[in-house]
């Protein structure tokens, strides 16, 4: 794991089956590396918390059914993984995933709040 | 050329040492070691039996919080019987990898859908035995 993680050439999935396999392969890489991440970035959280957060991120896009959208998500996940494993990040960048959402990112739910925010 | 000879001989010894000690007959080696004054450095502890591997796979699954231990048998299917999803399946295969100190290929890991299939995929339980001894 101390060696450089190489980039992979992006390619479009030809079928949902292939996309599924690539998603699970990416998830497997992440979960396998969760302990490495906590140890090498010296995070003050356990690897279980990291695993939970990774799963949360994958579940966020559970309903995506468009093949090209899935491909983009696969590339983004892989990019994030590569940046993490090659130390192109620092501990704060990793910990940013565990921050509570910022006040301005929380969408208002009441009528006037949505009106002021320009959303309907 | 030397390196090629060297790697091939290493590969041969590696495969032969695993192939030469079938799971069922470690006792022969032990008996031989006891009878002669020679020391068999490679003999070591006997590899795990199939039943032991299966038991440890089941123990891993029992520790997995989403698995209902009462429904768990050797042949219960992760997705249809235990109600898990594909992400859970990946997590289970990684827990099994950590338990036995191995790394499964994606193809092998995809096939693991029952505890029995998982036990079948565990290739070389020597290190696992060492880990077990260390835990005691």
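Residue numbers (this note's numbering), protein chains in the order written: chain A, 4 to 123; chain B, 69 to 204.
By construction, the Cβ of each residue, glycine as well, lies at the ideal position given by its N, Cα and C atoms.
Computed from a prediction, not measured in an experiment: that's the story for all the values here.
Quick check: the segment 21-31 of chain A against the segment 105-114 of chain A, are there 3 or more CB pairs under 8 Å? The answer is no - the segment 105-114 of chain A does not touch the segment 21-31 of chain A, with fewer than three Cβ pairs under 8 Å.
Kindly indicate if chain B contains any beta-carbon less than 7 Å away from that of residue 34/A. Residue mapping note: residue 34/A aligns to position 31 of the first chain, counting from 1. Cβ-Cβ to chain B under 7 Å: yes for residue 34/A.
Quick check: the segment 73-93 of chain A against the segment 47-56 of chain A, are at least 3 beta-carbon pairs closer than 8 Å? Touching, no, given that fewer than three Cβ pairs across the two stretches are closer than 8 Å.
Residue 34/A and residue 54/A: beta carbons closer than 7 Å? Mapped onto the first chain, residue 34/A falls at position 31. Mapped onto the first chain, residue 54/A falls at position 51. The answer is yes: Cβ separation under 7 Å.
Taking C-alpha atoms, which residue in 143/B, 136/B and 158/B lies nearest to residue 212/B? Only positions 69 to 204 of chain B appear in the structure, and residue 212/B is not among them; the question remains open.
Using beta-carbon positions only, say whether residue 184/B and residue 142/B come within less than 7 Å of one another. Looking up residue 184/B in the second chain gives position 116. Looking up residue 142/B in the second chain gives position 74. Yes, these two residues count as a Cβ contact at 7 Å.
So if I threshold CB-CB distances at 7 Å, which residues from the segment 155-170 of chain B count as touching chain A? Considering only beta carbons, the part of the segment 155-170 of chain B lying closer than 7 Å to chain A consists of 155, 158, 159 and 162, in chain order.
From the DSSP output, in three-state form, read off residue 72/A for me. Within the first chain, residue 72/A is the residue found at index 69, counting from 1. In the structure shown, residue 72/A sits in a helix (DSSP, three-state: H, G or I).
Can you tell me where the alpha helix (DSSP H) holding residue 116/A begins and where it ends? For the purposes of this step, residue 116/A is identified with residue 113 of the first chain, where counting begins at 1. Looking at the DSSP string, the run of the alpha helix (DSSP H) that includes residue 116/A is 114-119.
Can residue 162/B and residue 186/B be called in contact, C-beta distance under 7 Å? Against the second chain, residue 162/B aligns to sequence position 94. Against the second chain, residue 186/B aligns to sequence position 118. Cβ distance not < 7 Å, so residue 162/B and residue 186/B don't count as in contact.
Give me the residue from 191/B, 182/B and 178/B with the minimum Cα distance to residue 20/A. For the purposes of this step, residue 20/A is identified with residue 17 of the first chain, where counting begins at 1. Comparing Cα positions, the closest option is 178/B.
Cβ-Cβ separation, residue 44/A to residue 94/A (assumed contact under 8 Å), whole Å: Residue mapping note: residue 94/A aligns to position 91 of the first chain, counting from 1. Residue mapping note: residue 44/A aligns to position 41 of the first chain, counting from 1. About 5 Å; that satisfies the 8 Å criterion.
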